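**Student:**
Number of protein chains: 2
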Amino acid sequence: MKQAGDITLHPAYSCWMNFKTYQKSADQSIKKYCRFILTKISSRVVNTAVNELSAAIEGIYHIKPREISENHDVPCIELSIEENNSADSNQVCGFTIKHINEKTTDKIVISGTDECAVLYGVFRFIFSLGLGKSIDNIQTEQKTYNRLRMINQWDNLSGDIERGYSGRSIFYENGKITKNYARIRDYARLLSSVGINHIVLNNVNVHEEETKFITDKYLPELKKIAAVFSDFGIRILLSVNFAAPIVLGRLSTADPLDKDVQRFWHETANKIYSYIPDFAGFLVKADSESSPGPYTYGRDHAQGANMLADALRPHGGIVVWRCFVYNCHADWRNRKLDRAKAAYENFVPLDGRFKDNVVLQIKNGPMDFQIREPVNPLFGSLEKTNQVIEFQITQEYTGHQIDLCFLPSLWKESLDFDTAAKGKNSLVRDVVNGKLFHTSTGGIAGVSNIGDSPAWTGNPLAQANLFGFGRLSWDPALSCEDIASEWATLTFGSNVATVEKITNMLLRSREIYEDYTCPLGIGWFVNPDSHYGPNVDGYEYSHWGTYHYADLKGIGVDRTMATGTGFTGQYKNENAQMYEHIESCPENLLLFFHHMPYDFVLKSGLTILQHIYDRHFRGVEEVVELQKIWDSLQDEIDPDIFQEVRHRFELQLKNAIEWRDVVNTYFYRKTGIPDEKGRYIYP
Amino acid sequence: MKQAGDITLHPAYSCWMNFKTYQKSADQSIKKYCRFILTKISSRVVNTAVNELSAAIEGIYHIKPREISENHDVPCIELSIEENNSADSNQVCGFTIKHINEKTTDKIVISGTDECAVLYGVFRFIFSLGLGKSIDNIQTEQKTYNRLRMINQWDNLSGDIERGYSGRSIFYENGKITKNYARIRDYARLLSSVGINHIVLNNVNVHEEETKFITDKYLPELKKIAAVFSDFGIRILLSVNFAAPIVLGRLSTADPLDKDVQRFWHETANKIYSYIPDFAGFLVKADSESSPGPYTYGRDHAQGANMLADALRPHGGIVVWRCFVYNCHADWRNRKLDRAKAAYENFVPLDGRFKDNVVLQIKNGPMDFQIREPVNPLFGSLEKTNQVIEFQITQEYTGHQIDLCFLPSLWKESLDFDTAAKGKNSLVRDVVNGKLFHTSTGGIAGVSNIGDSPAWTGNPLAQANLFGFGRLSWDPALSCEDIASEWATLTFGSNVATVEKITNMLLRSREIYEDYTCPLGIGWFVNPDSHYGPNVDGYEYSHWGTYHYADLKGIGVDRTMATGTGFTGQYKNENAQMYEHIESCPENLLLFFHHMPYDFVLKSGLTILQHIYDRHFRGVEEVVELQKIWDSLQDEIDPDIFQEVRHRFELQLKNAIEWRDVVNTYFYRKTGIPDEKGRYIYP
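For the record, the sequence lines run as chains C and F.
Here the first sequence is numbered in the UniProt record's numbering, starting from 1 and rising by one per residue.
Here the second sequence is numbered in the UniProt record's numbering, starting from 1 and rising by one per residue.
Structure, rendered in structure tokens:
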């Protein structure tokens, strides 16, 4: 199927919606239902659903379905909205795909709780074709776990993307908002196909010109982009500058308790909604890494967020308020300071003070998107506050979309973590969706990994992360295996061996990346600024609060209550005890929580030092293994995609070798102890 | 005296030409000669000399001298050009200041070998007034040591200055050449007053737009700037892009043996000289840090440089060719690789192959402007090649004009180094001025430290480096003491106690900076990119070839012939042996040449480790001492200058503390050995 985008189409451009691949997988017995699409609903989003279904059918079965609004007793696919029997206006979005075969009726019915749900049902049906499901297996009933399934674009008006590794922005170029709506439409389609329903259009770090997005200067054009997303059931948010009242030259203060400031934001909200009636709200990074915020005026984050929330409430908008607040001028000399404690300390005292249309956006871990971190202890500690968990789809610390790193493996750990906040089985995913503490909304947010690169995500295999993010945001109970194999099948076809190989590559990739980078949860062995490649001491004496404290005898951060920073005490009792004690602390987080001697013996029987050596040698071997598997797929994969990924594996191997050698040499120089298996470590 | 610049004048703007200060120092008995300036010469530069002399007299004695062209038997100052009795067209620039008092004649005669020399004589006379010399002491006869006394501006057309710490460029702003000639004129005056006679107007890294400087697009404006310098006897050079024939879109190659390329450069030279008849030539950074060069075409540097020299020869121009050529993609694993060896290896084989109007510009040390390095072994090894030694006046690695660091102390070491190339007393200064090997030209080049900051050099005390550079380029035999106290007197007046204090601060400053930064010649403990502040491992695993190899037992680079990289063998025999052996190697360069155990005992009786601790503690104490001395001068110094320097000392102290703590902790963590004097080192 041809894509709408106006760029030269890369074979990976259609991502997991590759109907050429679907052709081979799709069950031919379903074709007969595809001649007619029956629907009585008239709405923008259902219209999209019909178009998407038609395009898919055409692409897969080479027939052009007819749209009908009356049942003519012919096999068809019917799209309908379920009648809402409950009085619950907060009904959860869901859809049903049924095969009805009785008397004169033989049809597939895709029904949803609302127009968006119908669209999701259609996409799910299309996926079923790609997955080769038979008519007997396509039936399903699904409800989303989360109200908020949100993408954050870190795109700047300049066209740069902060921490972007996939080319330039598709939204902005050279200081202007793009008019290439075709590409944006293609993106909206991809997002909607995996269930995303919100997108923040600009970087959380709001620079001067972007501050004007909320004015007449930019709203007419943003409205057009919003309309594209709206067709796909996706509502837009904007990142706003807390100091906008000052920066836009209207006021001398941004104090949230100031009447003029409040009026400014009310007027701003009114203006935005006059352009974009389904505008979703604001995302705010305040008092963080030098961005302005309520602290400037002696106010707290609740006062700051609530003020914005009041302005948006009349329109049904929300404020998404980031909790990435910490002291970025730390003193490395002071071992009692702990950046990991900051989010909890800043926000737990405010629990219960946030208005109902405020949502806190909390990074999955207490530090910053490292390859392995414990869950942020804010989850489970905020009982009266709406929350979303923030993941980073873009591979800032995890390989820049050069190295393969399937991130659902990491995200699942967070989502399935038992906070023990209300007894056993108090999972993070039930905290953020509001179930555990009966909060009104919540969900999952992810920092996008796409740009204008021909395959969207630079590395075509990194599409699996965008796919997986969407799927998990819809249903966090999905397994990584299912996500990976579903993605591989939809993208590369249903050849069992191929799917199995790629699935295995994906599932192993996160641990491989961990093997050759940062051991045992310590993190931060990375080059400052770029965050790619090794630099063990790169952050060690910096002001960022990110240390490992390696000396000749040991390494790690003592975060215990007994002798350390006390961070472990931010977890609920069972978890606090688990992390507090070396015996019960999960070994893959040992150095996150404890300063340990190199000769401490792990459960594997290896010392920590030998574990570091082993993993770094193994990491490189594993990358070679990944290369080999990929090379074995040459005949199965489109040659362009094959070569592009192949090239990235070459770079990954180079990177892995550099990591191995730098890290091993670093610890060899620190300890003087050679590898016990006699492998060469550079002196 | 009012300055010509159009900026709000900072009290430090006039630098060492501060006539308000001179007023108090100047001998009143000289005043009587100052009513008349007698000269029969009519030339641009002598005209400048007359103007400068008049302005100085007016500023100092408040009288306006009359210019006369006949001797009327009144006391006067006479400016004249000495008759050249020798047939030597290569006569060395020099001047004489004489007091003639016989019969009816009572005058001061300032005569020079040429018009520029007259100007230098006038400036020297003016300085004498500022130094409070009596009529009996002003007599002097001076010849310059060096033909080339050259400033390199690393200014970009954007207005940025590479490694500039004094604001923006005074030559360029926002992609345009400035029209603020007044400020450039003031700069020319300062340079000329200390004997500078060449200036390179643009960065050695020639970016795309600057490549067009040699075209009609920019030459009309560069011509105007050249004219300003010309008035002060300073000739301009331009840094050129070796790939200009390609970049300017004329040719598909820049191969120096290609006829079209040769024609391109001939035509370019013709064009430049049609605009700027006294144009001095080109500065070229080729095949260095990714800049293009002859290697691209399988040619060597002699072929590259000679091709350009041929183009310039008809006009009397020269090619200054930088020797900063090394592999910047080194592998840290390979301890036999040694960046220090690169310049020698690249250029010694070419000795004798460069044309007579080519001059090699060689950095003082073999690495890159570290606080302490040995002399570059190229000096003394090139016997048939014109050379200039390159110093960095701008404080890239030496404190960014925040920290006080009087660099003549460092430069003198290089200039006075005995290369042993032709027996004892084969000093570097005699290599570069051409005396030792009878080469035809040579001298000293320095990377400028000025910008549009109100005091020119950011830190007003950094003016001493510009002054000292000029003075040394004129006469490298001057002592640091003399330079420092002359500068202090001219700048701050002749109060003996004040001058002594400031002189001592300057003379101590380089070792203080060394104390709290990199010990024993090792270098590179600095933050990559910025080159300010500590980062001991910052370059340790990089591709820059700049390592210290610290492990738990020792530190340093083995550059011996016996067991190391063999770099010591690039020195002439005595020096090679001196550096080769630990016993004879100067201790302040010990770690540059040898990998040493921490417990090695230095002549001081301290181990290397304890030496590192001691020096870092001492460095901070000494900065506190500098602060105290400066504070004691509050009543002696203009309040604006006082406060500005005071603020910088506060920043320097912060920097010194950070260096002390990071370096000491680094080695404490490496060794586990505490300070033997019991001072606290952060763990």
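Beta carbons are placed, not taken as given, at the ideal position from N, Cα and C, and that holds for glycine.
Here the structure is a predicted model, which is why all the values come from computation and not from measurement.
Quick check on the burial criterion: 16 or more other C-beta atoms within 10 angstroms. Buried or exposed for C:Val45?
**Tutor:** Translated into the one-based positions of the first sequence, residue 45 of chain C becomes position 45. Result: buried.
**Student:** Cα separation between F:Ile673 and C:Asp258?
**Tutor:** Looking up residue 673 of chain F in the second sequence gives position 673. Looking up residue 258 of chain C in the first sequence gives position 258. Distance between the alpha carbons of F:Ile673 and C:Asp258 is about 57 Å.
**Student:** Tell me the rounded alpha-carbon separation between F:Cys15 and F:Thr491.
**Tutor:** The residue labelled residue 15 of chain F in the question sits at position 15 within the second sequence. The residue labelled residue 491 of chain F in the question sits at position 491 within the second sequence. Cα-Cα distance, rounded: 6 Å.
**Student:** Among the candidates F:Lys572, F:His611, F:Gly121, F:Phe171, whose CA atom is the shortest distance from the CA of F:Asn588?
**Tutor:** What you label residue 588 of chain F is simply residue 588 of the second sequence in a count that begins at 1. Among F:Lys572, F:His611, F:Gly121, F:Phe171, the Cα nearest to that of F:Asn588 is on F:His611.
**Student:** Taking the C-alpha atoms as reference points, what is the distance between F:Ala311 and F:Asn241?
**Tutor:** Against the second sequence, residue 311 of chain F aligns to sequence position 311. Against the second sequence, residue 241 of chain F aligns to sequence position 241. Near 15 Å, if we compare the C-alpha coordinates of F:Asn241 and F:Ala311.
**Student:** So, is C:Gly458 buried or exposed, given that buried needs 16 or more other C-beta atoms within 10 angstroms?
**Tutor:** Taking the first residue of the first sequence as 1, we reach residue 458 of chain C at position 458. Under this definition C:Gly458 is a buried residue.
**Student:** Beta-carbon of C:Asp551 versus every beta-carbon of chain F: anything under 8 Å?
**Tutor:** Start at 1 with the first residue of the first sequence, and residue 551 of chain C comes out as number 551. Interface residue, yes.
**Student:** Shorter than 8 Å from the beta carbon of C:Gly443 to some beta carbon of chain F?
**Tutor:** Counting from 1 along the first sequence, the entry for residue 443 of chain C is found at position 443. No, because no Cβ of chain F sits closer than 8 Å to the Cβ of C:Gly443.
**Student:** Would you list the residues sitting across from F:Glu173 in a DSSP beta bridge?
**Tutor:** Working through the second sequence from its first residue, we reach residue 173 of chain F at position 173. Its beta-bridge partners are F:Lys176.
**Student:** Between F:Asp338 and chain C, is any beta-carbon pair separated by less than 8 Å?
**Tutor:** Taking the second sequence and counting its residues from 1, one reaches residue 338 of chain F at position 338. No, its Cβ sits nowhere closer than 8 Å to a Cβ of chain C.
**Student:** As a quick exercise: from C:Leu238, C:Lys212, C:Asp255, pick the residue whose alpha carbon is nearest that of C:Leu248.
**Tutor:** Here residue 248 of chain C refers to the residue found at position 248 of the first sequence. Looking at the Cα atoms, C:Lys212 is the closest of the given residues.
**Student:** Hey, quick one: how far does the alpha helix (DSSP H) through C:Glu345 stretch, first residue to last?
**Tutor:** Here residue 345 of chain C refers to the residue found at position 345 when the first sequence is read from its first residue. Looking at the DSSP string, the run of the alpha helix (DSSP H) that includes C:Glu345 is 342-347.
**Student:** Does F:Arg669 get closer than 8 Å to chain C when you measure Cβ to Cβ?
**Tutor:** Within the second sequence, numbered from 1, the residue matching residue 669 of chain F stands at position 669. So, interface residue.
**Student:** At 7 Å on the CB atoms, spell out the chain F contacts of C:Arg333, in chain order.
**Tutor:** Within the first sequence, residue 333 of chain C is the residue found at index 333, counting from 1. Under the 7 Å cutoff, chain F gives Asp661, Tyr682.
**Student:** Per DSSP, which residues does F:Ile126 bridge with? Please list them.
**Tutor:** For the purposes of this step, residue 126 of chain F is taken as the residue at position 126 of the second sequence. According to DSSP, F:Ile126 bridges with nothing at all.
**Student:** Just to confirm the assignment, what range does the beta strand (DSSP E) spanning F:Ile151 have?
**Tutor:** Counted from its first residue, the second sequence places residue 151 of chain F at position 151. Here the beta strand (DSSP E) through F:Ile151 covers 148-152.
**Student:** Start and end of the alpha helix (DSSP H) containing F:Glu162?
**Tutor:** If you number the second sequence from 1, residue 162 of chain F lands on position 162. Per DSSP, F:Glu162 belongs to no alpha helix (DSSP H) and is neither H nor E.
**Student:** Would you kindly check if the distance between the Cβ of F:Val428 and the Cβ of F:Leu410 is under 8 Å?
**Tutor:** Indexing the second sequence from 1 puts residue 410 of chain F at position 410. Indexing the second sequence from 1 puts residue 428 of chain F at position 428. Taking 8 Å as the Cβ cut-off, F:Leu410 and F:Val428 do not qualify as a contacting pair.
**Student:** For a test of the three-state rule: what should DSSP assign to C:Lys31, helix, strand or coil?
**Tutor:** By one-based count along the first sequence, residue 31 of chain C stands at place 31. Note: C:Lys31 maps to helix in three-state DSSP.
**Student:** With 8 Å set as the bound, which would you pick, yes or no: does the beta-carbon of F:Asp558 sit closer than that to a beta-carbon of chain C?
**Tutor:** Position 558 of the second sequence holds residue 558 of chain F. Taking Cβ atoms only, chain C never reaches closer than 8 Å to F:Asp558, which makes this a no.
**Student:** Could you tell me the distance, in whole angstroms, from the CA atom of C:Asp635 to the CA atom of C:Ile641?
**Tutor:** Within the first sequence, the letter at position 635 stands for residue 635 of chain C. Within the first sequence, the letter at position 641 stands for residue 641 of chain C. So the alpha carbons of these two residues sit roughly 11 Å apart.
**Student:** Taking all protein chains shown into account, do 16 or more other C-beta atoms lie within 10 angstroms of the C-beta of C:Glu267, making it buried, or fewer, making it exposed?
**Tutor:** Within the first sequence, numbered from 1, the residue matching residue 267 of chain C stands at position 267. Per the 10 Å Cβ criterion, exposed.
**Student:** Whole alpha helix (DSSP H) runs in the region 554-612 of chain F with 4 or more residues, listed along the chain?
**Tutor:** 573-580, 590-593, all fully within the region 554-612 of chain F.
**Student:** Give the DSSP-derived three-state secondary structure of C:Trp456 in the structure shown.
**Tutor:** As a first step, residue 456 of chain C must be located in the first sequence, where it is residue number 456. Residue state, collapsed to three classes: coil.
**Student:** Whose C-beta lies closer than 8 Å to the C-beta of C:Thr665 among residues of the same chain, with five residues either side of it excluded?
**Tutor:** Within the first sequence, the letter at position 665 stands for residue 665 of chain C. Result list for C:Thr665: Ile681, Tyr682, Pro683, in chain order.
**Student:** Compute the distance between the beta-carbons of F:Ile30 and F:Ile135, then report whether it is under 8 Å.
**Tutor:** In the second sequence, counting from the first residue as 1, residue 30 of chain F sits at position 30. In the second sequence, counting from the first residue as 1, residue 135 of chain F sits at position 135. Their beta carbons are under 8 Å apart, which means F:Ile30 touches F:Ile135 by this criterion.
**Student:** Could you give the residue range of the alpha helix (DSSP H) that holds C:Val358?
**Tutor:** Residue numbering aside, residue 358 of chain C sits at position 358 when the first sequence is read from its first letter. Note, C:Val358: premise wrong, no alpha helix (DSSP H); beta strand (DSSP E) at 358-363.
**Student:** Does DSSP put C:Arg669 in a helix, a strand or coil?
**Tutor:** Here the question's residue 669 of chain C lines up with position 669 in the first sequence. C:Arg669: helix per DSSP, three-state reduction.
**Student:** Roughly how many angstroms separate the alpha carbons of C:Leu201 and C:Ile236, rounded to a whole number?
**Tutor:** In the first sequence, residue 201 of chain C corresponds to position 201, counting from 1. In the first sequence, residue 236 of chain C corresponds to position 236, counting from 1. Roughly 7 Å separates the two Cα atoms.
**Student:** Could you say which of C:Val109, C:Ile60, C:Glu141 lies nearest to C:Cys93 if we only look at CA atoms?
**Tutor:** Translated into the one-based positions of the first sequence, residue 93 of chain C becomes position 93. Answer by Cα proximity: C:Glu141.
**Student:** What are the partner residues of F:Phe525, as DSSP defines its beta bridges?
**Tutor:** Taking the second sequence and counting its residues from 1, the one referred to as residue 525 of chain F is at position 525. None; F:Phe525 has no bridge partner.
**Student:** Would a C-beta distance cut-off of 8 Å place C:Asp537 and C:His594 closer than the cut-off?
**Tutor:** Translated into positions along the first sequence, residue 537 of chain C becomes position 537. Translated into positions along the first sequence, residue 594 of chain C becomes position 594. Against a cut-off of 8 Å, the Cβ pair of C:His594 and C:Asp537 comes out as no contact.
**Student:** Hey, which unbroken runs of the beta strand (DSSP E) at 3 residues or more fall wholly within the region 279-340 of chain C?
**Tutor:** As far as the region 279-340 of chain C is concerned, its whole beta strand (DSSP E) runs of at least 3 residues are 281-284, 318-322.
**Student:** Would F:Ser69 pass as a contact of F:Lys40 if the rule is Cβ separation under 8 Å?
**Tutor:** Position 69 of the second sequence, counted from the start, is the residue given in the question as residue 69 of chain F. Position 40 of the second sequence, counted from the start, is the residue given in the question as residue 40 of chain F. Yes, they are a contact pair.
**Student:** Who does C:Lys143 pair with in a DSSP beta bridge?
**Tutor:** Here residue 143 of chain C corresponds to residue number 143 of the first sequence, with the count starting at 1. Looking at the DSSP assignment, C:Lys143 forms a beta bridge with C:Gly94.
**Student:** Find out if the Cβ-Cβ distance for the pair F:Leu190, F:Ser25 is shorter than 8 Å.
**Tutor:** Position 190 of the second sequence, counted from the first residue, corresponds to residue 190 of chain F. Position 25 of the second sequence, counted from the first residue, corresponds to residue 25 of chain F. In this structure, F:Ser25 does not lie closer than 8 Å to F:Leu190 by Cβ.
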